[in-house]
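Novice: What follows is a single structure, and I will ask about it in a moment.
Numbering (our numbering), first residue to last: 66 to 474.
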């Protein structure tokens with residue numbers, strides 16, 4: 066195994082100690098005001114339901130990358146071709162593919178990404194979408210490395226990768242390459258059909274860079290190959306019915322579809338992950354929005370984009386133009402939510418608390434989308450609330466040590 070990549074045997078997926086860590090002790094001292102938490106909810110809601118009513122993007126470019134020397138029996142090219150068709154024929158984006166060569170892989174992809182960033186002039190009214198399908202590993206310095214599949218192996222259809230000493234050229238140090246996207250003038254969306262590792266958020270960015278990956282690294286994972294791409298294609302087709310939709314909506318739906326499959330397969334699969342790699346202001350996040358580009362009378366493409374902010378809602382409290390659509394994979398009452406434990410500065414009588422507490426910060430958002438529920442409450446030396454938030458909003462909530470994610474429920 067390469068000196069730079071951790072082998073499957075070396076990766077430690079053992080259960081952590083139940084003893085409190087130093088970070089736990091520090092976090093126990095952290096508290097947040099209800100008003101501050103509510104303002105965070107409001108910022109998250111505005112990311113999913115923006116005020117703007119026209120498209121930010123004059124052009125959308127897509128790069129679909131995969132290894133050029135994959136095993137002929139792998140379905141990657143088939144799934145990539147379906148995604149290519151959705152982006153090009155349905156959304157009318159400018160789409161190209163790139164087969165990562167087996168020789169000098171990192172240099173070749175780095176040059177391609179640099180060229181892709183400059184495509185169209187690297188303007189702040191452009192969106193660049195990068196998709197990758199293939200294997201990945203974690204380097205010893207905890208960075209994401211793309212690796213080349215060579216064969217199916219074993220009864221559980223596990224894969225081996227070209228990452229040994231004789232094949233070091235068949236890897237891509239993706240964490241290094243993606244820096245070009247973070248520092249570009251345009252916004253960037255990265256879609257990775259591979260496991261991902263923790264990536265630090267960028268403090269030097271000109272726009273927004275959002276990442277959705279198939280799953281976090283987990284040795285016990287047996288996710289169906291390219292299930293993420295299949296879900297992505299399905300949800301993009303469904304969401305194309307809207308005038309526009311946020312990446313929050315897209316992630317919400319992919320997450321729900323994956324969760325429905327997890328429940329059917331007794332938890333064998335893993336849910337996709339979202340990473341806010343770069344934001345102009347993390348306190349007031351902005352979500353990338355996608356919309357079909359239509360042709361005008363002169364034959365030029367122009368975006369179809371009509372989003373109405375909740376403050377301009379109709380008489381029923383719903384936006385006149387719909388800007389959110391739930392996945393067809395789940396029933397309305399079965400939509401997963403993200404649970405949080407919140408240590409509050411405010412002194413409350415827990416019995417008097419209700420979910421109406423957060424209405425003033427959520428405005429007229431549709432309840433099916435933005436309802437924040439109080440699941441439980443405790444009061445002793447401080448008030449502790451267990452609340453649940455829709456997945457689409459949870460990914461845009463500001464980070465605070467007094468707000469602890471408990472996972473989906």
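Cβ coordinates follow ideal geometry from the N, Cα and C atoms, glycine included.
1) Please report the Cβ distance between residue 165 and residue 173, rounded to the nearest whole angstrom; I am assuming they are in contact, meaning their Cβ atoms lie under 8 angstroms.
2) Quick check on this structure: which residue in 102, 277, 240 has the alpha carbon closest to the alpha carbon of residue 463?
3) Which two residues bound the contiguous alpha helix (DSSP H) that contains residue 411?
4) Restricting to Cα atoms, I'd like to know which of 351, 421, 414 is closest to residue 444.
5) State the DSSP-derived secondary structure class of residue 271, mapped to helix, strand or coil.
6) Identify the continuous alpha helix (DSSP H) that holds residue 180 and give its terminal residues.
7) With DSSP collapsed to three states, give me the class of residue 398.
8) Compare the Cα-Cα distances from residue 115 to each of 427, 441, 465 and report the closest residue.
9) Does the structure place the stretch 244–256 close enough to the stretch 321–330 that three or more beta carbon pairs sit under 8 angstroms?
10) What residue range is occupied by the uninterrupted beta strand (DSSP E) comprising residue 194?
11) What is the DSSP secondary structure of residue 238, reduced to helix, strand or coil?
12) From residue 316 to residue 457, what does the alpha carbon distance come to, in whole angstroms?
13) Out of 473, 452, 304, point me to the one whose CA is closest to residue 467's CA.
14) For residue 371 and residue 357, I'd like the C-alpha separation in whole angstroms.
15) Comparing alpha-carbon positions, which option in 412, 189, 438 lies nearest residue 423?
16) Between residue 126 and residue 159, how many whole angstroms is the CB-CB distance? I'm expecting something under 8 angstroms.
17) Which whole-angstrom value describes the C-beta separation of residue 179 and residue 245, a residue pair presumed to lie in contact below a C-beta threshold of 8 angstroms?
18) Straight-line CA distance for residue 295 to residue 418?
19) Quick one, which of 90, 107, 455 has its alpha-carbon nearest residue 403's?
20) Go to residue 101, then tell me how far its alpha helix (DSSP H) extends in each direction, as first and last residue.
21) Could you check how far apart the C-beta atoms of residue 149 and residue 162 are, in whole angstroms? I think they sit under 8 angstroms.
22) Rounded to whole angstroms, how far is the Cβ of residue 195 from the Cβ of residue 128, which I believe are closer than 8 angstroms?
23) Could you tell me the distance, in whole angstroms, from the CA atom of residue 349 to the CA atom of residue 168?
24) With residue 145 and residue 198 assumed to form a contact (beta carbons below 8 angstroms), what rounded beta-carbon distance in angstroms separates them?
25) How far does the beta strand (DSSP E) with residue 444 in it reach, from first residue to last?
26) How many angstroms separate the CA atom of residue 89 from the CA atom of residue 469?
27) Can you tell me which of the three DSSP states residue 467 falls into?
28) Just curious, the beta strand (DSSP E) that residue 338 is in, first and last residue?
29) Using CA atoms only, rank isn't needed, just tell me which of 408, 440, 412 is closest to residue 421.
30) Can you have a look at residue 258 and say buried or exposed, based on whether 16 or more other CB atoms are within 10 angstroms of its CB?
31) Going along the chain, which residues of its own chain have a beta-carbon closer than 6 angstroms to the beta-carbon of residue 271, five neighbours each way excluded?
32) Do residue 275 and residue 312 count as a contact pair if the criterion is CB distance below 8 angstroms?
33) Kindly indicate which three-state DSSP category residue 458 falls into: helix, strand or coil?
34) Take residue 47 and list the residues in its own chain whose beta-carbon comes closer than 6 angstroms to its own, dropping the five residues that flank it on each side.
Specialist: The relevant details are as follows:
1) Translated into the one-based positions of the chain shown, residue 165 becomes position 100. Translated into the one-based positions of the chain shown, residue 173 becomes position 108. Yes, they are in contact, since the Cβ atoms of residue 165 and residue 173 sit about 7 angstroms apart, within 8 angstroms.
2) Position 398 of the chain shown, counting from 1, holds the residue named residue 463. For the residues 102, 277, 240, the minimum Cα distance to residue 463 belongs to 102.
3) By 1-based counting over the chain shown, the position of residue 411 is 346. Premise fails: residue 411 is in no alpha helix (DSSP H) and is neither H nor E.
4) Counting from 1 along the chain shown, the entry for residue 444 is found at position 379. Relative to the Cα of residue 444, the nearest Cα in the group 351, 421, 414 belongs to 414.
5) Residue 271 sits at position 206 when you count from the first residue of the chain shown. DSSP places residue 271 in coil when its eight states are reduced to three.
6) If you number the chain shown from 1, residue 180 lands on position 115. Under the DSSP assignment, residue 180 falls in the alpha helix (DSSP H) whose first and last residues are 170–183.
7) Your numbering for residue 398 matches position 333 in the chain shown. DSSP places residue 398 in the helix class (H, G or I) of the three-state scheme.
8) Position 50 of the chain shown, counting from 1, holds the residue named residue 115. The residue with the shortest Cα to Cα distance from residue 115 is 427.
9) Short answer: they don't touch.
10) Working through the chain shown from its first residue, we reach residue 194 at position 129. Element bounds for residue 194: 191–198.
11) To locate residue 238, count along the chain shown from 1; it is residue 173. Strand at residue 238.
12) The residue labelled residue 316 in the question sits at position 251 within the chain shown. The residue labelled residue 457 in the question sits at position 392 within the chain shown. Approximately 7 angstroms between the Cα atoms of the pair.
13) Working through the chain shown from its first residue, we reach residue 467 at position 402. Measuring from the Cα of residue 467, the nearest candidate turns out to be 452.
14) Along the chain shown, read from residue 1 onward, the residue named residue 371 stands at position 306. Along the chain shown, read from residue 1 onward, the residue named residue 357 stands at position 292. Note that residue 371 has pLDDT 49, beneath the 50 cutoff, so the model's placement of it is unreliable and the number below is only indicative. Their Cα atoms are separated by approximately 11 angstroms.
15) Walking along the chain shown from the start, residue 423 turns up at place 358. Relative to residue 423, the option among 412, 189, 438 whose CA is nearest is 438.
16) As a position in the chain shown, residue 126 is number 61, starting the count at 1. As a position in the chain shown, residue 159 is number 94, starting the count at 1. Contact holds; Cβ gap of about 5 angstroms.
17) For the purposes of this step, residue 179 is taken as residue 114 along the chain shown, with counting starting at 1. For the purposes of this step, residue 245 is taken as residue 180 along the chain shown, with counting starting at 1. Indeed they touch by this definition, with Cβ atoms about 6 angstroms apart.
18) Here residue 295 is taken as the residue at index 230 of the chain shown, counted from 1. Here residue 418 is taken as the residue at index 353 of the chain shown, counted from 1. Distance from the CA of residue 295 to the CA of residue 418, rounded to the nearest whole angstrom, comes to 42 angstroms.
19) Position 338 of the chain shown, counted from the start, is the residue given in the question as residue 403. Ranking 90, 107, 455 by Cα distance to residue 403 puts 455 first.
20) Locating residue 101 in the chain shown gives position 36, where the first residue counts as 1. Per DSSP, residue 101 belongs to the alpha helix (DSSP H) from 99–113.
21) One-based indexing of the chain shown puts residue 149 at position 84. One-based indexing of the chain shown puts residue 162 at position 97. Rounded, the Cβ-Cβ distance is 7 angstroms, consistent with contact.
22) Position 130 of the chain shown, counting from 1, holds the residue named residue 195. Position 63 of the chain shown, counting from 1, holds the residue named residue 128. About 5 angstroms separates the two Cβ atoms, so the contact holds.
23) Here residue 349 refers to the residue found at position 284 when the chain shown is read from its first residue. Here residue 168 refers to the residue found at position 103 when the chain shown is read from its first residue. A direct Cα-to-Cα measurement between residue 349 and residue 168 gives close to 43 angstroms.
24) Numbered from 1 along the chain shown, position 80 holds the residue referred to as residue 145. Numbered from 1 along the chain shown, position 133 holds the residue referred to as residue 198. In this structure, residue 145 and residue 198 form a Cβ contact; the two beta carbons are roughly 6 angstroms apart against a cut-off of 8 angstroms.
25) Here residue 444 corresponds to residue number 379 of the chain shown, with the count starting at 1. Residue range 438–444 is occupied by the beta strand (DSSP E) that includes residue 444.
26) The residue you call residue 89 lines up with position 24 of the chain shown. The residue you call residue 469 lines up with position 404 of the chain shown. Distance between the alpha carbons of residue 89 and residue 469 is about 11 angstroms.
27) In the chain shown, residue 467 corresponds to position 402, counting from 1. Per DSSP, reduced to three states, the secondary structure at residue 467 is coil, with no helix or strand assignment.
28) In the chain shown, the residue the question calls residue 338 occupies position 273. Run containing residue 338: 338–343, per the beta strand (DSSP E) assignment.
29) Locating residue 421 in the chain shown gives position 356, where the first residue counts as 1. Measuring C-alpha to C-alpha distances from residue 421 to each of 408, 440, 412 identifies 440 as the nearest.
30) For the purposes of this step, residue 258 is identified with residue 193 of the chain shown, where counting begins at 1. The C-beta of residue 258 has 16 or more other C-beta atoms within 10 Å across all chains shown, which makes the residue buried.
31) For this step, residue 271 is matched to residue 206 along the chain shown. In chain order, 250 place their CB closer than 6 angstroms to the CB of residue 271, counting only its own chain and leaving out the 5 sequence neighbours on each side.
32) Here residue 312 refers to the residue found at position 247 of the chain shown. Here residue 275 refers to the residue found at position 210 of the chain shown. Going by C-beta atoms, residue 312 is nearer than 8 angstroms to residue 275.
33) Counted from its first residue, the chain shown places residue 458 at position 393. In this structure, residue 458 counts as helix in the three-state DSSP scheme.
34) Lying outside 66 to 474, the shown extent of the chain, residue 47 is not represented and no answer is given.
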